Structure formats: C-alpha cells, structure tokens
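Below: the structure, in structure tokens.
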Amino acid sequence: MINFMLNKLERQIQRAVVLQKEGNIACAMSEYELVFEALLFYEELGYRKQVDAIRRLVLVAQQTPVMTLYFLALILFHRRCFPAAAEVVDSALLLEPDLAMLHVLQARIQKSLGNLSGALEAYEHAQTLAPTSNGSRETFFMLTAEREMPGPDYYYWLQRFQQLLRPSSYVEIGLGHGRSLALAGSNTVTIGIDPYQGAWEKLNYVCPNGPATLFPLTSDDFFARHDLRTVIGQETFDLAFIDGLHLFEQALKDFINLERYAGKNSVILIHDCLPIAPIVAERERCTGFWTGDVWRIIPCLKAFRPDLEIVTIPAKPSGLGVVTNLDATSTVLADNYDEIVRYYLSLNCPADFNRLRVICNVVPANEESLFDRLGKTTHLRENK
Ligand SMILES: C[S@@+](CC[C@H](N)C(=O)[O-])C[C@H]1O[C@@H](n2cnc3c(N)ncnc32)[C@H](O)[C@@H]1O
C-alpha cells in the first residue's frame, strides 16, 4: 500500500514538472507543495530512500540555477535542515534578489528557526515585490498563526488523542488528502466521510495499519442513510473529528448527528475554531487559508449546552475544539437548530484575537494539564 502511494506521488511530481515546463507555475508549485508535504509523512514512517529519490526528480528537472537552488532549499526545509536551507536561499537571492518566492521560502525557514521577526521581514519583502501573490499572503497568515499559537500543530494533537485514547472507533468528517485520517491506529475501526473521497488510492496519505472505510457522501447524506452503530459495529464511537464543510450550520449539524451516537467517554474534536483574522473566517472563501465560520460553534455550545466540557487547544494554524461529557439523549440543539443558526450567524468574528480566545475557551497548549482535565470525562487519564 505504501509503495503504491509512493509511486502515485512520483507520478504527481512528474505531472508538476510538466506543468512547470508549460509555464503553469502556480499549479505546479501547489502540486509540488502537496507532494512534498505528503513525502514528509512517509519519511517519518521510515521510507527515507524512496522519498529522497522522488525529491531528486524535482531537482534534476530544473532548468535554471536559481530554480535548482530554490528546490534544494525547499528539500532541505522539508528535511528540517533549516540553517542549510536558509543559506541556500541566500545564495539563490544573490542570483535573483527580486524573486518573491525566494523571500516567501526564507520567511517559512526563518519561522521554523524560531526567528519570527526575520520571517516577518522576509514576508514583507515578498509582499513589496509581489503584492497580489497568494503565496505571500498565505505565508503571512501562517506567520500570524505561529505568533498567536506557538507550539505543535493540530496534526500533533490529533495524533496524541489517538495515542492516549486508543479509540476502538474513529469517525472523520472531511478528509482532504487523508493526512488526519492516516493517524488512526491499527486497532481502531476507522471510517471517513467526504463526498469527494471514495477510494484510498486517491488520497495522498494512507494509514500504515490499513486503509479506512470510506463513504463518498456528504455528512448529511451519510447520517440520513446509515446508522453509525451498524457501520462501526459498536454502540458508541470513541473519537470523532469534524473537518468537513467549513460553515457554522454544517459543523453544528455534524455535531448533533455525531452526538446521537456518543457514549459517556466519547470525544468530539472540531477543527478551525480559532481563525487568526476575520478575513479567513468569511463564509465565502476568499483566501487560500480558510477556516470559514466554524468558530461560532464554540460560543453556541457554551450557551446552549452548559453540561458539555468544551475547550479549544491553540493548535496552529486554526485551533482544535475538544468537546466531552457528551449526551446522546440531549435534543436541545436539534430542537432549537433554526433559531440557533439565525442568532449565531449574526455574530461578527472579533478582530481582537485575545477576545476570540476568551469566547472560544482557549486553554494553554499544555498536554499534562489538558489531558488531566479531559481525563475527568474520558478515558484519557487511564491510558496515560
Ligand atoms: C480541510 S479538508 C479536511 C482536511 C483533513 N481533515 C486533514 O486535516 O488532513 C475538508 C474536506 O471536507 C470535505 N467536505 C466538504 N463538504 C463536506 C460535507 N458536506 N460532508 C463531508 N465532507 C465535506 C471536502 O471535500 C474536503 O476534503
């Protein structure tokens, strides 16, 4: 299975090379980024040689010294050789000081080196050179997220939940390229729901312990057609992750549908509860990095379901909500759904991130205290 995936990633790189040669730089770059990101996952699983061979394909395909240096720096960056990557970008900048993408890459490298002011400087330079470049705006969002939410990203936290809960069942709504789904453990019955993902071969990440069962349906259709208990072969699920359509009313519906199958120890995680700027929380997507208005679900649950335990982990890039003490018999949200949606859609996303922290019950990203707290309503403490 992993070899199948690596071959597929190799073909994606070859396609990106063709796109680059045809001058379709934006598409080529985003394809390279996707593949490089996925390669990191397989490198961590121990497939270093194969991964390096695929990365080298990009290097040998380059036709100018500056692009060769760019990709060399990108490879070093992905291999976490940050000082070396920074030096290579500096060399490339000697050749082409006004190439914005080099400054964007330098900003990412400096961020990883912990030099946030250097990163912002590089980003600002990139913005001056290419004010409308998506790459530089996305980098700015990432830098802001890094400043506001230092510490591990949400994938790290998802993995910790998987490791500590050791769930016997895991339900994920919204799969993307499959990266979060692939974190599920070998003894977990894993199901993934996404209207656009019906076959593991189409994902970029595959769980080393075996593929999950996928349902190529919207979450609404899934819950209308299936009884989750039958699908997972258990009365209740242990862990669920809501990361589908990024609109408040849909996240709320996903929550209501999942909670009907929750047991006393079940945990629901919700992605994108902490947008770093109102523009990324718009309901209409106008940025690459987009959270939608999912954040509204936290104040909504706090107000309508004081019986729930609700916290948000400041996990970059956009926060991870954690809800426990679930109650499958509660009908408050379903009974008041239309009214709740009408009211919460009228709230504005605060521009002051500290205000949002309070609204969203943000807790320190401290594993010990967080898992102790959640241990009161879940199995987390027992498994530590
Ligand atoms: C941000 S991606 C998920 C990323 C993934 N969870 C990860 O962290 O690696 C969001 C996914 O939600 C899916 N999606 C959109 N509308 C949906 C719906 N109504 N029900 C389920 N999934 C949906 C999209 O197809 C997309 O793949």
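Mapping to numbering that gives the first Met the number 0: the sequence shown position 197 is 196, numbers consecutive. We treat Cβ as the ideally placed atom computed from N, Cα and C, and that holds for glycine. In this text, all values refer to a predicted model and were calculated from it rather than measured experimentally.
Residues near L112 in its chain [Cβ-Cβ closer than 6 Å; skip 5 each side] = Taking C-beta separations shorter than 6 Å and ignoring five residues to either side along the sequence, the partners of L112 in its chain run F81, following chain order.
Proximity test, S179 beta-carbon vs ligand 1 heavy atom, cut-off 7 Å = Taken from the Cβ of S179, at least one heavy atom of ligand 1 lies inside 7 Å.
How many whole angstroms separate the CB atoms of L300 and V322, which I take to be in contact at a CB cut-off of 8 Å?
-> That belief holds up - the Cβ atoms of L300 and V322 are roughly 7 Å apart, short of 8 Å.
Hey, would you say T41 sits closer than 8 Å to L75, going by beta carbons?
-> The amino acid at residue 41 is misidentified as Thr; the sequence shows Tyr. Between Y41 and L75, the C-beta gap is not smaller than 8 Å, which leaves the two residues out of contact.
Which whole runs of the alpha helix (DSSP H) in the segment 268 to 329 are 4 residues long or more, in chain order?
-> Entirely contained in the segment 268 to 329, the alpha helix (DSSP H) runs reaching 4 residues are, in chain order, 296 to 303.
Option in I241, A183, Q158 with minimal Cα separation from S167 = S167 has its Cα closest to that of A183, out of I241, A183, Q158.
Assigned exposure category for L93 - 16 Cβ within 10 Å defines buried = Result: exposed.
Check each candidate in L344, F247, E366 and name the one with the smallest Cα separation from I312.
-> Out of L344, F247, E366, E366 has the C-alpha closest to the C-alpha of I312.
Are at least three pairs of beta-carbons, each pair with one atom in the segment 146 to 159 and one in the segment 216 to 223, less than 8 Å apart?
-> With contact defined as three or more Cβ pairs closer than 8 Å, the segment 146 to 159 and the segment 216 to 223 are not in contact.
What residues in its chain sit with their C-beta under 6 Å from that of D242, if we drop five residues either side in the sequence?
-> Once the five neighbours on either side are set aside, the close Cβ partners of D242 are G173, H270.
With which residues is E171 paired in a DSSP beta bridge?
-> According to DSSP, which records beta bridges pairwise, E171 is partnered with G191, F240.
Sequence-distant residues of its chain with Cβ nearer than 6 Å to R178 (five each side left out) | Y204.
Looking at L307 and L325, is the spacing between their C-beta atoms short of 8 Å?
-> Pairing L325 with L307 gives a Cβ-Cβ distance under 8 Å.
Compute the distance between the beta-carbons of L73 and L104, then report whether it is under 8 Å.
-> With contacts defined as CB atoms closer than 8 Å, L73 and L104 qualify as a contacting pair.
Would you mind sorting K375 into buried or exposed? The rule is 16 or more other CB atoms within 10 Å of its CB.
-> Of the other Cβ atoms in all chains shown, fewer than 16 fall within 10 Å of the Cβ of K375; this residue is therefore exposed.
Output the distance between the C-alpha atoms of E86 and E9, rounded to the nearest integer angstrom.
-> When rounded, the distance between both Cα atoms is 28 Å.
Do I192 and ligand 1 come close, with the Cβ less than 7 Å from some heavy atom?
-> Taking 7 Å as the cut-off, the C-beta of I192 counts as close to a heavy atom of ligand 1.
Among the residues of its own chain, which have a CB less than 6 Å from the CB of I358, if the five just before and after it don't count?
-> Taking C-beta separations shorter than 6 Å and ignoring five residues to either side along the sequence, the partners of I358 in its chain run P298, following chain order.
Count the other CB atoms within 10 Å of the CB of D337; is the residue buried (16 or more) or exposed (fewer)?
-> Counting Cβ neighbours within 10 Å, D337 comes out exposed, since fewer than 16 surround it.
Expected contact under 8 Å - CB spacing of F160 and I190 to nearest Å = F160 to I190, Cβ: 16 Å. No contact.
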